[in-house]
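Shown next, in structure tokens, is the structure this report addresses.
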Amino acid sequence: MFQLWIISLFIVLIVRDSMREPLLAHWLTPAGSAAAVLVPFAAVALTVHLLVSSRLRRLNKGDFNAVVNAELIVLAGRWVAVFLHATGVLLFGWLDLVRSLVGNVIVVDEAIALAPALIVFILGWTSFYPIERAMRESTIIRSFDQGTPIYPIPSRAQFVGLNLRHNLLLSVVPLLLILGWAEAVDRLIGWAVGLAQRGRLHGWLAATLTSEEGPQYLQAASQLIGVLGVFIVGPVVMRFLWDTKRLPQGTTRDRLLAMCRAEGIKVRELLVWRTHGSMINGAVIGLLAPARYILLTDALLDSMPTPQVEAVMAHELAHVRHHHMVWLAVVMLVGVSFAMGGGELITELAHLPTGPTPAGAAVQLAITIGAFAFAMLIFGFVSRRFEWQADAYAARLLSSQAALPEGVEALESPQGPPAAGGGPLISPTAALAMASALETVARLNHIPRHRPSWRHGSIACRQGRLQSIVGISVARLPIDSSVRKIKRVAALLLLTLIGLAAWPSVWP
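Note that this note's numbering has the sequence shown beginning at 36, numbered continuously upward.
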């Protein structure tokens, strides 16, 4: 969900650059525009703080529903911040005001324009910290009784810093790099076009730069290279932005690396993701093996028994094996592109205003918001099924090892009970290992089992799906069939999109 908010903030900036001017900026002075933007942000941050503080008082009186209420208040504050960012940039000219003060410096003006909304996010963590501390203090005695690890309670600064590194920077840094690259490419191509027009460049490059569509193709290709570069280099950067260390030598490391070898998946390193015990999670970052890392949080490794750790590891390996991140990018691309195309078609058929006029800008804004919302719905639909497939993959991998003795050797030669239809069956033990890992994640992260999740689905739903595949051949899992259909449709739409983009040059 956090990535959705950050992406929304950046899309607003992109939409502004496609407009001639903000819709209401000419009605306000620069001081008026600044006040119209900054005062509501301050009011949201203050309101969130006061409401969360009132929930802390209720928590101290024994009302544990106050924790959920406080979380919802912080979430609502973030949605309001995104809305205020959109109105400030698109209506009151906040980005234009920033550029009038600092200039159109690559990335700098956009970063400053994002700052008010990001500050609201940060202050939300600051306001929530007392509730986080109270919850941690309440679990110390239980941890003593159960013999589970006890982590030092972080200070407010450590808590906010942890969320900054593991949530905000995860999304903001790659997007700023992509945005900065795009701006630099635009300016470089503009400079090169000027040289070509003055006869300073010759040959193929000059012909391309002076043609009608050549600069657009160069720009698109260069921006694609930049995006790919960020995806390739980004994991290495994120490793150091996050608090990580190499998983120490031992049985756990040997078994997890053996799982990677058994599945033919190469990783650069297994990392412990140090969160001061605040997070039970695993993640895989990196599209290419030389820059691919698998991260398991400290609390996950300390709190889960070996079968559950292996289940989480198998789930992360599934995302690599099935190329889920690549397909999610494809789904997002075709979703936005076709939704935008549909919106423009409706605009043309309905004879709605277009062009660099206030009415035309309002129509374009509505199309962009609608396209993004549509793409997000499709993205969530596909993402949830990818998560279900990763859960099933974990159960499949653990089923193939269920009949073998404990040890690394077992992992390197997976076997399993044969199924009547060919291949092993999903065993109850394997499905239970993955389901219990999800249960542990929900319990230790204080996530209600039935709480819906836009990207992952609820824990209860995922556990139910695991139970439903027990006894089914690993070669005939229903979710695999569903995902194959999704990928075929996405691939067909991507080819159609490429064909439509190439149509003018192929058929002039």
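All C-beta atoms in this analysis are idealised placements derived from N, C-alpha and C, irrespective of residue type, glycine included.
Return the residue from the list Leu330, His120 and Gly405 that minimises the CA-CA distance to Lys280.
Here residue 280 corresponds to residue number 245 of the sequence shown, with the count starting at 1. Checking every option, the nearest Cα to that of Lys280 belongs to Leu330.
Coarse secondary structure for Val443, derived from DSSP in three states
Sequence index remark: in the sequence shown, residue 443 carries index 408 (1-based). Its pLDDT being 35, under 50, Val443 is placed unreliably in this model, and the coordinates cannot settle the point.
Is the stretch 231-241 touching the stretch 290-300, taking contact as three or more C-beta pairs under 8 Å?
no
Please tell me whether Ala150 and Val47 are closer than 8 Å, where the distance is taken between their beta carbons.
Working through the sequence shown from its first residue, we reach residue 150 at position 115. Working through the sequence shown from its first residue, we reach residue 47 at position 12. Not a contact, by the Cβ cut-off of 8 Å.
Which residues does DSSP pair with Lys280 in a beta bridge?
What you label residue 280 is simply residue 245 of the sequence shown in a count that begins at 1. The partner list for Lys280 (beta bridge, DSSP) reads Val307.
Which residues in the same chain have their Cβ closer than 6 Å to the Cβ of Pro513, if we skip the five residues on either side of it in sequence?
One-based indexing of the sequence shown puts residue 513 at position 478. Cβ within range, chain order: n/a, list empty.
Looking at the secondary structure, which residues open and close the beta strand (DSSP E) in which Thr332 lies?
Locating residue 332 in the sequence shown gives position 297, counting from the first residue. Residues Tyr328 to Thr332.
Arg327 versus Met348, Val307 and Val355, residue with shortest Cα-Cα distance
As a position in the sequence shown, residue 327 is number 292, starting the count at 1. If we check each option's Cα against that of Arg327, Val355 comes out closest.
Indicate whether the contact test is met: 3 or more Cβ pairs, each with one atom in the stretch 250-260 and one in the stretch 269-289, closer than 8 Å.
no
Mind checking whether Val137 and Ile147 have CB atoms under 8 Å apart?
The residue you call residue 137 lines up with position 102 of the sequence shown. The residue you call residue 147 lines up with position 112 of the sequence shown. Cβ atoms of Val137 and Ile147: closer than 8 Å.
First and last residue of the uninterrupted alpha helix (DSSP H) at Ala495:
As a position in the sequence shown, residue 495 is number 460, starting the count at 1. Segment Ile494 to Ser503, the alpha helix (DSSP H) holding Ala495.
Coarse secondary structure for Ser508, derived from DSSP in three states
One-based indexing of the sequence shown puts residue 508 at position 473. Strand.
The stretch 396-407 touching the stretch 347-361, judged by at least three CB pairs closer than 8 Å
no
Grouping DSSP H, G and I as helix and E and B as strand, with all else coil, what is Ala318?
Within the sequence shown, numbered from 1, the residue matching residue 318 stands at position 283. Looking at Ala318 - three-state DSSP - the assignment turns out to be strand.
Bounding residues of the alpha helix (DSSP H) (the contiguous stretch that carries Asn198):
By 1-based counting over the sequence shown, the position of residue 198 is 163. It spans Arg191 to Asn198 - the alpha helix (DSSP H) in which Asn198 sits, taken as one unbroken run.
Counting pairs of Cβ atoms below 8 Å between the stretch 361-375 and the stretch 516-526, do you hit three or more?
yes
Give a yes or no on contact between the stretch 217-230 and the stretch 335-344, applying the rule of three or more CB pairs nearer than 8 Å.
no
Could you give the distance in angstroms between the alpha-carbon of Val268 and the alpha-carbon of Ile42?
As a working mapping, residue 268 is identified with position 233 in the sequence shown. As a working mapping, residue 42 is identified with position 7 in the sequence shown. Straight-line Cα distance between these residues: approximately 20 Å.
What is the DSSP secondary structure of Asp221, counted as helix, strand or coil?
Against the sequence shown, residue 221 aligns to sequence position 186. Of the three classes helix, strand and coil, the one that applies to Asp221 here is helix, per DSSP.
If I follow the unbroken alpha helix (DSSP H) through Met360, where does it start and stop?
As a working note, residue 360 is residue 325 in the sequence shown. Counting along the chain, the alpha helix (DSSP H) containing Met360 begins and ends at His359 to Leu384.
Tell me which residues share the same chain as Pro270 and place their Cβ nearer than 7 Å to its Cβ, disregarding the 5 neighbours each side in the sequence.
Position 235 of the sequence shown holds residue 270. Excluding positions up to five away in sequence, the list reads Ile320, Gly321, Ala326, Arg327 and Tyr328.
Report the rounded CA-to-CA distance for Gly492 versus Arg419, giving the unit in angstroms.
Stepping through the sequence shown from its first residue, residue 492 is reached at position 457. Stepping through the sequence shown from its first residue, residue 419 is reached at position 384. Taking the straight line joining both Cα atoms gives about 6 Å.
What does a CB cutoff of less than 6 Å around Ser89 pick up in its chain, not counting 5 residues either side in sequence?
Taking the sequence shown and counting its residues from 1, the one referred to as residue 89 is at position 54. So the list is empty, once near-sequence residues are dropped.
Cβ of Leu205 within 8 Å of Cβ of Met273?
In the sequence shown, counting from the first residue as 1, residue 205 sits at position 170. In the sequence shown, counting from the first residue as 1, residue 273 sits at position 238. Contact: yes.
Thr174 versus Tyr186 - alpha carbon distance:
Stepping through the sequence shown from its first residue, residue 174 is reached at position 139. Stepping through the sequence shown from its first residue, residue 186 is reached at position 151. Spanning the two alpha carbons is a distance of roughly 11 Å.
Chain-order list of residues whose beta-carbon lies under 7 Å from that of Val117 (same chain, five-residue window excluded)
As a working note, residue 117 is residue 82 in the sequence shown. Contacts found: Trp40, Ser43, Leu44 and Ala152.
Are the beta-carbon atoms of Val553 and Gly159 separated by less than 8 Å?
Here the chain has residues from 36 to 543 only, and residue 553 is not among them.
How close, in whole Å, do the beta carbons of Met348 and Leu291 come, if the pair is a contact with beta carbons under 8 Å?
For the purposes of this step, residue 348 is taken as residue 313 along the sequence shown, with counting starting at 1. For the purposes of this step, residue 291 is taken as residue 256 along the sequence shown, with counting starting at 1. About 5 Å separates the two Cβ atoms, so the contact holds.
Specify, as a first and last residue, the run of the alpha helix (DSSP H) that Phe99 falls within.
The residue labelled residue 99 in the question sits at position 64 within the sequence shown. No alpha helix (DSSP H) holds Phe99; DSSP gives it neither H nor E.
Where does Trp489 sit, in a helix, a strand or coil, going by DSSP?
Numbered from 1 along the sequence shown, position 454 holds the residue referred to as residue 489. DSSP places Trp489 in coil when its eight states are reduced to three.
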